[in-house]
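Reading through the structure tokens given below for one structure.
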Amino acid sequence: MENKTEFFLECFKLGIIKFGRFTLKSGIESPFYVDLRPLSSNPKILKKLADYLLEMLPLDNFDLICGVPYAALPMATAMSLESYIPLIIKRKEAKEYGTKKLIEGIYKKGQNCILVEDVITSGKSLLETIPEIENEEIFVSDIVVVLDREQGGKEILERKGYRVHTLFKISEIVKILRETNEITESEAARIKDFIAGNAVKFEEKKRLSYEQKLENAEHSVAKKLLKTAIDKQSNLIASADVTSTAELLNFAEKVGQHIVALKTHIDIISDFDFEKTILPLKKIAEKHRFLLMEDRKFADIGNTQELQFTKGIYRISDWADFVTAQAIGGFDSLNVFENVGVVAILSMSSKGTLTSVPYFEEAQKIALSHPNVIGGVSQKPISDELLLFTPGVNLNEKGDGKGQQYNSPEYVFKNLHTDFMIVGRGIYQSENPEKSALEYKIAGWMAYSEL
Ligand code: 5BU
């Protein structure tokens, strides 16, 4: 494809930006007006536009495409034709008769949908559209936008945990148009002033520091985790998804100094033996001052969970500092985890997960009110009364071909306000796990510190 600047100039020739005085929907007067609808009347341009928009996304992760009505509908259609990802149609208003559906087309609950928008200003129309799609239990994680007017909408959506991919920014466009003499210096200056003066004001929610969270923490395990993070300047939890005692101990020894906790799936250790696996692991944890997090994901009635927690060959209650548990069994099912911290699963990182928005909200209510719960596992921002643990983090991969979906450390700390990132294969499958652990630790701490 030609470069993006040339492509923009081709689009510009169709009259998509006008200069002068225009009153916007919000009532404010703008020195320019953007209308991308002409792009849809030129098939070659529309096709190229669809390719540019698709290029910004990890396409394997999506099952559906939907455009915000009306201007983005042809764009979404073109993207669907180019990628073979099925299209769904969002109505502006539900029909008064018939099915009264807001979303038309063929879809299933739990599918991942790319949302397409032509221009983003304050983000208002996206904020209205997203819940209507999520109410159908379709997941929206990524939004592609042709043009960002840089008035704060992108940031508002990103703070809510959506990834916003924009093809053009108005500041870039002004630069291109000035360089090609399409606009005068004074026009460029007027536009720049307008952008600077009209960013939508939003109260950026400051994330709480580890020190502030430590002050607020009540549970001893939460306190210990936060103290460890501050002392070691690390917010990294390494996931040791290895299958033998030797590998587990070797891995713990190598990465120990860089992590706040080691996450285990103890039931995948094929030669598990309490004396030979757990006792040395505990020693390494003490030596390097990290906690043990057993990712057991309890999901039963309280009585069964109690047995799974305290009995069997693993006797998790004898060694884990904290465990993961589903909230699906209800509030009382978590009463049995008395001497450990519980991290409740609020949403999952895998494609097609059923942890829809309503489920997430109910699970979060339980997490917030239960004294044993110290935090939640989630791919969305959560209440800052809870610690947020986020798996699905990798510096090099977008997915694993088995449904896992990855974000970068920067993304999870900046947009989700994650407290602890969980990294598995990014570390234990690397050639030098110790070096990789250090790399992730630095990336995570920098992302946190820059906020
Ligand atoms: P990975 O190798 O970085 O993909 O490993 C991620 C780990 O986190 C792995 O042990 C999973 O079982 C765990 N995990 C996850 O990936 N996503 C989730 O939503 C939850 C746990 Br809950």
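Whatever position you read off the sequence shown (first residue = 1), add 24 for this note's numbering.
Even glycine gets a Cβ: it sits at the ideal position worked out from N, Cα and C.
At the level of alpha carbons, what is the spacing between residue i and residue j?
i	j	result
Ile340	Lys321	12 angstroms
Asn431	Val417	5 angstroms
Leu78	Ser107	8 angstroms
Gln403	Thr379	10 angstroms
Glu168	Asn259	Before going further, note that residue 168 is Val rather than Glu in the sequence given. If I take the Cα positions, the gap works out to 30 angstroms.
Ile157	Leu97	15 angstroms
Arg313	Arg231	26 angstroms
Gly427	Gly129	24 angstroms
His189	Ser371	23 angstroms
Glu34	Lys42	15 angstroms
Thr145	Val381	25 angstroms
Asp84	Glu421	12 angstroms
Gly280	Gly448	14 angstroms
Lys247	Asp324	28 angstroms
Tyr464	Ser64	44 angstroms
Leu150	Leu181	8 angstroms
Glu310	Met445	21 angstroms
Phe56	Tyr452	52 angstroms
Glu362	Val347	11 angstroms
Ile215	Gln175	12 angstroms
Thr301	Asp172	54 angstroms
Glu299	Val164	46 angstroms
Ile197	Pro155	31 angstroms
Lys132	Asp295	41 angstroms
Lys375	Asp87	10 angstroms
Tell me where the beta strand (DSSP E) around residue i begins and ends.
i	result
Leu315	315-322
Arg231	Note, Arg231: premise wrong, no beta strand (DSSP E); not H, not E.
Ile89	88-91
Phe346	346-350
Arg412	Here residue 412 turns out to be Leu, not Arg, going by the sequence shown. From DSSP, the beta strand (DSSP E) with Leu412 extends over 411-414.
Asp142	136-144
Ser373	No beta strand (DSSP E) contains Ser373, which DSSP labels as neither H nor E.
Phe43	41-47
Within 7 angstroms: the Cβ of residue i and any heavy atom of the ligand 5BU?
i	result
Pro433	no
His289	yes
Gln388	no
Asn476	Limits of the chain in this structure are 25 at one end and 475 at the other, which puts residue 476 out of reach.
Val447	yes
Gln428	yes
Gly425	no
Asp319	yes
Pro415	yes
Gly450	yes
Ser263	yes
Ser373	yes
Val401	yes
Ile369	yes
When you compare each of the options to residue i by their alpha carbons, which one comes out closest?
i	options	result
Ile398	Gly365, Lys426, Ser373	Gly365
Lys28	Leu462, Leu191, Leu105	Leu191
Phe275	Asp424, Lys216, Leu305, Arg115	Leu305
Phe32	Ile52, Asn240, Ile69, Ser165	Ile69
Gly39	Lys148, Glu152, Arg61	Arg61
Ile254	Leu151, Asp443, Asp319, Phe384	Asp443
Ala387	Asn327, Ser407, Ser65, Leu331	Ser407
Ala220	Gly134, Val401, Ser195	Ser195
Leu126	Glu455, Lys114, Gln429	Lys114
Ala262	Leu249, Glu242, Val284, Tyr435	Val284
Tyr435	Lys307, Arg187, Lys251	Arg187
Glu455	Lys278, Ser374, His441, Glu161	Lys278
Pro433	Ala467, Asp424, Lys300	Ala467
Ile369	Leu48, Thr288, Glu299, Val401	Val401
Asp59	Pro395, Ile390, Val143	Val143
Thr267	Ala349, Val245, Pro67, Thr288	Thr288
Met99	Phe46, Glu203, Lys71	Lys71
Asp424	Gly450, Leu411, Leu410	Gly450
Ala391	Ala349, Thr377, Leu315	Ala349
Glu242	Asn396, Asp297, Ser54, Gly51	Asn396
Ile162	Val170, Gly51, Cys137, Glu53	Cys137
Within the continuous alpha helix (DSSP H) that includes residue i, where are the two ends?
i	result
Gly484	Coverage of the chain is limited to positions 25 through 475, which leaves residue 484 absent and any answer about it impossible.
Gly480	Missing from the structure shown is residue 480; the chain here goes from 25 to 475 and no further.
Asn439	433-439
His312	303-312
Glu385	381-393
Ala74	67-79
Pro405	Counting along the chain, Pro405 falls outside any alpha helix (DSSP H), and DSSP gives it neither H nor E.
Step through the CB atoms of chain B and report whether any lies within less than 8 angstroms of the CB of residue i.
i	result
Ile337	No chain B is present in this structure, which holds just one protein chain.
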